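Heads up, the sequence shown is in our numbering, so the first residue is -5 and it goes up one at a time.
All C-beta atoms in this analysis are idealised placements derived from N, C-alpha and C, irrespective of residue type, glycine included.
If you're wondering where the values come from, they're calculated on a predicted model, not measured in any experiment.
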Amino acid sequence: MSIVIDHLTFAYTEGGKKLEPTLKDLTFTIEEGSFLGIIGHTGSGKSTFVKHLNGLIPCEKGTVTVDGHDLSDKAERRIVRSLVGMVFQYPEYQLFAESVFEDVAFGPRNMKLDADEVKKRVEHAMELVGLEPERFSARSPFELSGGERRRAAIAGVLAMQPKYLVLDEPMAGLDPLGRKEILTLLEKLRTESGCTVIMISHSMDDIANHATKVLVLEQGSVFAYDTPRAVFLRAEELQRIGLSVPSVTKICIALQKKGVQIPASICTEQALIDWFKEGNFHA
């Protein structure tokens, strides 16, 4: 199963008039179990695009289907919203309940699940994000650290057991430890539960190290849709449209300018270390 985007085009309306399209004829498939990283400069259409994935923005032209469910259909949209979980920037701002348990339980209760199932899902979601239920269930979410609040908010989405998890800059505002915790969690979810991860990020290093596919949006159009190695191989083109490249790619480019025959496709620390270990570098 997969998410299929077919000729998706969308324009906002202002004062009763259509503006220039924010999304222009997007066509590609997000494979089940993948980790899709979405990059693009501000205003390229990233957030508008992901809001189409569970019908927060209805399809205007073109289609989005999730596991065969067409989001153009209102009844199908309700089904899709149980499959696609959304985590927006600073999700901890949406915390509101008196306890972490009550906050995480909000979604499952709205799904009309019985009390035992709600409790089971809440505790499982809290364990997934590293918040021990015994320690954190009764605590106020406003007493938690920034990273803990972020994880509690994500647990609220995970408790609904989405098949696809969409995150818009989930590490925004976190310190390095908090960023690492969220990325480790996302990898754990994908490898252990098969959850498909779709993440908007401005960190090219995070995308290079974790994504299996990269979508580059440029003025609402698909600039590239490929593996991280293939996308970051186009370093000069990315820089021309105002995007950076991973730190390792910058190192490889600098080494090439010094005459070192190093592959331009290396974009992660591990790949660079492996290249050196193989005895490819000669001073």
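- Collapsing the DSSP output to three states places Y6 in coil.
- Per DSSP, the continuous alpha helix (DSSP H) segment holding A146 begins and ends at 140 to 152.
- By the Cβ rule, the stretch 189 to 198 counts as touching the stretch 158 to 172, because three or more pairs are nearer than 8 Å.
- Cβ neighbours of A132 within its own chain (closer than 6 Å, five residues either side excluded): S93.
- Only residues of its own chain outside the window of five on either side were considered, and among them I(-3), V(-2), D0, L65 have a CB closer than 8 Å to the CB of T59, listed in chain order.
- The residue among G27, F29, Y6 with its C-alpha nearest the C-alpha of P52 is Y6.
- Counting other Cβ atoms within 10 Å of its Cβ, S187 stays below 16 and is therefore classed as exposed.
- G101: member of the alpha helix (DSSP H) spanning 94 to 104, first to last residue.
- Per DSSP, the beta bridge partners of M80 are V160.
- The criterion of a C-beta distance shorter than 7 Å is satisfied by G150 and V98.
- Contact annotation: T243 and F226 have beta-carbon atoms nearer than 7 Å.
- Cα atoms of E137 and G49: separation of roughly 33 Å, rounded to the nearest angstrom.
- Here V208 really is in contact with I33; their C-beta atoms are around 7 Å apart, less than 8 Å.
- By the C-beta density criterion, F90 is exposed, having fewer than 16 other C-beta atoms within 10 angstroms.
- By the 16-neighbour rule on beta-carbons within 10 angstroms, S38 is buried.
- Excluding its 5 nearest sequence neighbours in each direction, P156 has C-beta neighbours in its own chain below 8 Å: S76, L77, V78, G79, C189, listed in chain order.
- Counting the other CB atoms within 10 Å of its CB gives A69 a total below 16, which places it among the exposed residues.
- Where M193 is concerned, there is no enclosing alpha helix (DSSP H), although the beta strand (DSSP E) around it starts and stops at 190 to 194.
- The alpha-carbon separation between P240 and F95 amounts to approximately 38 Å.
- Excluding the 5 residues flanking it on each side, T42 has same chain C-beta neighbours closer than 7 Å at F4, T16, L17, I51, in chain order.
- Assignment of T185 by DSSP, reduced to helix, strand and coil, places it in the helix class.
- For T243, the enclosing alpha helix (DSSP H) begins and ends at 241 to 251.
- The bridge partners DSSP lists for Y87 come to none.
- In the structure shown, the three-state DSSP call for I256 is coil.
- Each of Q83, F29, S28, F22 was checked against the Cα of T57, and the nearest Cα belongs to F22.
- Taking the CA atoms as reference points, E212 sits about 46 Å from A109.
- Per DSSP, reduced to three states, the secondary structure at D61 is coil, with no helix or strand assignment.
- Just so you know, the alpha carbons of F29 and V210 end up roughly 14 Å apart.
- Rounded to the nearest angstrom, the gap between the Cα atoms of T221 and G167 is 27 Å.
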